[in-house]
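Asks:
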Amino acid sequence: MDLESFKVDEIRLWRIKLEYREPFRTSFGVEKCKETIIIGLKSGDYYGYGELVAIREPSYSYETLDTALSIFKEYFIPLVLKKELNPYIFYNETSWIRGHPMAKAAFEMALWDLHAKYLEKPLYEVIGGSRKKVEVGVSIGIQDSVDRLIRRIEEYLEEGYRRIKIKIKPGWDFEVLEKVRREFPDIPLTVDANAAYTKEDIPRLTNIDKYNLLYLEQPLYYWDIYYHSILQRKISTPICLDESLQNSLVTEAAIKMGATKIINLKPGRVGGIIESLHINEIGLKNNTPMWIGGMLETGIGRSFNVSIATLDNVKYPSDISESRRYYMKDIITEEWIMENGFMEPRKEAGIGVEIDWRYFYKKVLKEWVFR
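Residue numbers for the sequence shown follow the working numbering, so the first one is 565 and each next one is one higher.
Laid out in structure tokens, this is it:
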């Protein structure tokens, strides 16, 4: 892809904090609020925005808000400010920095938003998306009781979500699935363990086939690609890797090893749009479909996810819920909504959303400006 370059005149970083409607519980902890860093890159009359998906603690990843902030200030800002560049130049010139894909993604995505605005085209068209609407599902965290979980499933089905995903962990798994399937024998259902099990649990996990799931997501430790391949040989339910798929190279290796039959692509975690495009192509070449996972993003990060969900290898409903699913109020003026289980990418240039600045600055903890 041949892109025109542009000069970044100003960079702003905002550290913000948003409260969730309710705590979101997974096998590795409970999140009560969203603290993140929003990036603004100014070039001429245009602003491009990106969102960091890392969290405060190194529980999901070694990357945190503070590690990313350090990388931004020491490496990315000197590289970007007052320079002629585009997303591919940034991608190539940061390739020597080992790791830090979440930090890279936040800056690279802001550059993509800028680039699409210069072209006066919506981002999904610029990256080669082919769908005018994307199918969405919902992810339900670990609940206080099975009865509460069943009520939540009923609510989301009534709202129109086209796939239900429930979080599991040892002690909250097969008995829960038994009751859920008794209530909802035919709904498209998946489970996500967030790497809560070990290779010693493989004999137990072979019971998963009786529940007729679309896939089993990330059952084992995130580095453990080999034992995921062993488990996949023992079950007919497709394994869908998530945390294990750190980048396009690891994704291809996992497919070749038989460790994953479905890809959960999280653009903000794998390094951004360019890596996402590589993974899309790898999936197509290896007949391995994918869907787009979420990281509880605000409306800015969610906008990128919707755009990327228009790619041709996205074959399953993506975890791109409405803004109101997680937040009492989002930081964008026109919140993301779902209609009959689908969302439409914005037709305006770039990611197609505007920040609600009055509300946004109520949530800002700190702002940095670089000129």
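Heads up, the beta-carbon is just placed ideally off N, CA and C, and yes, glycines get one too.
Being a predicted model, the structure only gives us computed values, none of them experimental.
Specify whether the stretch 581-590 and the stretch 627-638 touch according to this definition: at least 3 beta carbon pairs, one from each stretch, less than 8 angstroms apart.
Replies: They do not touch, by the three-pair rule.
Asks: Pick out whichever of ILE717, GLU615, GLY701, TYR725 has its Cα sitting closest to the Cα of TRP676.
Replies: Your numbering for residue 676 matches position 112 in the sequence shown. Of ILE717, GLU615, GLY701, TYR725, the residue nearest in Cα terms is GLU615.
Asks: Below 8 angstroms, can you find three or more Cβ-Cβ pairs linking the stretch 736-754 to the stretch 919-926?
Replies: No, the stretch 736-754 is not in contact with the stretch 919-926.
Asks: Grab the span of the alpha helix (DSSP H) containing GLU742 for me, first residue to last.
Replies: Taking the first residue of the sequence shown as position 1, residue 742 is located at position 178. Residues 738-747.
Asks: So, using beta-carbon positions, are LEU753 and LEU777 closer together than 8 angstroms?
Replies: The residue given as residue 753 occupies position 189 in the sequence shown. The residue given as residue 777 occupies position 213 in the sequence shown. A contact, by the Cβ cut-off of 8 angstroms.
Asks: Among ILE803, TYR775, VAL617, TYR688, whose alpha-carbon lies nearest the alpha-carbon of LYS830?
Replies: Along the sequence shown, read from residue 1 onward, the residue named residue 830 stands at position 266. Considering only alpha carbons, the answer is VAL617.
Asks: Within a Cβ cutoff of 8 angstroms, which residues of the same chain sit near ARG889, ignoring the five residues on either side of it in sequence?
Replies: To locate residue 889, count along the sequence shown from 1; it is residue 325. ARG585, VAL702.
Asks: Nearest to VAL744 by alpha carbon, out of ILE728, GLY836, ILE714?
Replies: If you number the sequence shown from 1, residue 744 lands on position 180. Comparing Cα-Cα distances from VAL744 to each of ILE728, GLY836, ILE714, the minimum goes to ILE714.
Asks: For LEU813, is the classification buried or exposed, using 16 other Cβ atoms within 10 angstroms of its Cβ as the cut-off for buried?
Replies: Numbered from 1 along the sequence shown, position 249 holds the residue referred to as residue 813. Under this definition LEU813 is an exposed residue.
Asks: From which residue to which residue does the alpha helix (DSSP H) around ILE864 run?
Replies: Your numbering for residue 864 matches position 300 in the sequence shown. ILE864 -> alpha helix (DSSP H) spans 863-872.
Asks: Nearest-angstrom Cα distance between PHE570 and ASN828?
Replies: On the sequence shown, residue 570 is found 6 positions in, with the first residue counted as 1. On the sequence shown, residue 828 is found 264 positions in, with the first residue counted as 1. C-alpha separation (whole angstroms): 32 angstroms.
Asks: Using only alpha-carbon positions, find the residue among ASP630, SER808, VAL690, ASN851 that is nearest to PHE868.
Replies: Taking the first residue of the sequence shown as position 1, residue 868 is located at position 304. Looking at the Cα atoms, VAL690 is the closest of the given residues.
Asks: Please return the same chain residues whose Cβ sits closer than 8 angstroms to the Cβ of MET892, not counting the five positions on each side in sequence.
Replies: The sequence position of residue 892 within the sequence shown is 328, counting from 1. The residues are GLU583, ARG585.
Asks: On a CA-only basis, which of VAL917, GLU839, MET907 is nearest MET666? Give me that one, please.
Replies: For the purposes of this step, residue 666 is identified with residue 102 of the sequence shown, where counting begins at 1. Closest by alpha carbon: GLU839.
Asks: According to DSSP, is ASP708 helix, strand or coil?
Replies: Numbered from its first residue, the sequence shown carries residue 708 at position 144. Three-state DSSP puts ASP708 in coil, outside helix and strand.
Asks: Could you have a look at ILE730 and say whether DSSP puts it in helix, strand or coil?
Replies: As a first step, residue 730 is located in the sequence shown; it is residue number 166 there, counting from the start. ILE730: strand per DSSP, three-state reduction.
Asks: With distances taken between CB atoms, is the gap from GLU908 to LYS697 smaller than 8 angstroms?
Replies: As a working mapping, residue 908 is identified with position 344 in the sequence shown. As a working mapping, residue 697 is identified with position 133 in the sequence shown. Yes, Cβ-Cβ distance for GLU908 and LYS697 is below 8 angstroms.
Asks: Over the uninterrupted alpha helix (DSSP H) stretch that includes ASP677, give me the two end residues.
Replies: Walking along the sequence shown from the start, residue 677 turns up at place 113. Here the alpha helix (DSSP H) through ASP677 covers 665-683.
Asks: Given this structure, state the Cα-to-Cα distance separating VAL870 from PRO642, to the nearest angstrom.
Replies: Counting from 1 along the sequence shown, the entry for residue 870 is found at position 306. Counting from 1 along the sequence shown, the entry for residue 642 is found at position 78. Taking the straight line from one Cα to the other gives about 30 angstroms.
Asks: Comparing C-alpha positions only, which one of ILE872, TYR761, LYS598, GLU568 sits nearest to ARG695?
Replies: In the sequence shown, residue 695 corresponds to position 131, counting from 1. Closest option to ARG695, Cα to Cα, is ILE872.
Asks: With distance defined between alpha-carbon atoms, name the residue in TYR880, ALA674, ILE896, GLU627 nearest to GLY836.
Replies: The sequence position of residue 836 within the sequence shown is 272, counting from 1. Closest by alpha carbon: ALA674.
Asks: Taking the continuous alpha helix (DSSP H) assigned at PRO767, which residues delimit it?
Replies: The residue given as residue 767 occupies position 203 in the sequence shown. Residues 766-769.
Asks: Can you tell me which of ARG866, PHE906, SER607, ARG662 puts its alpha carbon nearest to the alpha carbon of GLU723?
Replies: By 1-based counting over the sequence shown, the position of residue 723 is 159. When each option's Cα is compared against that of GLU723, the closest is PHE906.
Asks: To the nearest angstrom, report how far apart LEU605 and LEU929 are at their CA atoms.
Replies: The residue given as residue 605 occupies position 41 in the sequence shown. The residue given as residue 929 occupies position 365 in the sequence shown. Distance between the alpha carbons of LEU605 and LEU929 is about 19 angstroms.
Asks: Where HIS792 and ASN771 are concerned, what is the direct C-alpha to C-alpha distance, given to the nearest angstrom?
Replies: Along the sequence shown, one-based indexing puts residue 792 at 228. Along the sequence shown, one-based indexing puts residue 771 at 207. Their backbone Cα atoms lie some 15 angstroms apart in a straight line.
Asks: Tell me whether VAL517 sits in a helix, a strand or coil according to DSSP, three-state version.
Replies: Nothing in the structure corresponds to residue 517, since the chain is present only between 565 and 935.
Asks: Straight-line CA distance for LEU688 to ASP573?
Replies: On the sequence shown, position 124 is the one that residue 688 refers to. On the sequence shown, position 9 is the one that residue 573 refers to. Checking the displayed sequence, the identity of residue 688 turns out to be Tyr instead of Leu. The alpha-carbon atoms of TYR688 and ASP573 are separated by roughly 25 angstroms.
Asks: Under the three-state reduction of DSSP, which class applies to TRP787: helix, strand or coil?
Replies: The sequence position of residue 787 within the sequence shown is 223, counting from 1. Of the three classes helix, strand and coil, the one that applies to TRP787 here is coil, per DSSP.
Asks: For VAL594, count neighbouring C-beta atoms within 10 Å of its own C-beta (all shown protein chains included) and say buried if the count is 16 or more, exposed if not.
Replies: Residue mapping note: residue 594 aligns to position 30 of the sequence shown, counting from 1. The residue in question, VAL594, is exposed, as its Cβ has fewer than 16 Cβ neighbours within 10 Å.
Asks: Give me the DSSP bridge partner(s) of MET539.
Replies: Coverage of the chain is limited to positions 565 through 935, which leaves residue 539 absent and any answer about it impossible.
Asks: Comparing alpha-carbon positions, which option in ARG768, LEU721, ASP711 lies nearest LYS733?
Replies: Here residue 733 refers to the residue found at position 169 of the sequence shown. Out of ARG768, LEU721, ASP711, ARG768 has the C-alpha closest to the C-alpha of LYS733.
Asks: Quick check on LYS911: buried or exposed, where buried means 16 or more other Cβ atoms within 10 Å of its Cβ?
Replies: Taking the first residue of the sequence shown as 1, we reach residue 911 at position 347. Exposed: under 16 other Cβ atoms inside 10 Å.
Asks: Could you round the C-beta distance between LYS729 and ASP756 to whole angstroms and report it? I think they count as a contact, below 8 angstroms.
Replies: Residue numbering aside, residue 729 sits at position 165 when the sequence shown is read from its first letter. Residue numbering aside, residue 756 sits at position 192 when the sequence shown is read from its first letter. Yes, they are in contact, since the Cβ atoms of LYS729 and ASP756 sit about 6 angstroms apart, within 8 angstroms.
Asks: Run the CB neighbour count on ARG833, radius 10 Å, all protein chains shown included, and call it buried at 16 or more, exposed below.
Replies: Here residue 833 is taken as the residue at index 269 of the sequence shown, counted from 1. Counting Cβ neighbours within 10 Å, ARG833 comes out buried, since at least 16 surround it.
Asks: So ILE864 and TYR652 are supposed to be a Cβ contact under 8 angstroms. How far apart are they, rounded?
Replies: Along the sequence shown, one-based indexing puts residue 864 at 300. Along the sequence shown, one-based indexing puts residue 652 at 88. 22 angstroms between Cβ atoms; not a contact.
Asks: Just checking my contact of THR862 with THR628 at CB under 8 angstroms: how many whole Å lie between their CB atoms?
Replies: Counting from 1 along the sequence shown, the entry for residue 862 is found at position 298. Counting from 1 along the sequence shown, the entry for residue 628 is found at position 64. Actually they do not touch by this definition, with Cβ atoms about 18 angstroms apart.
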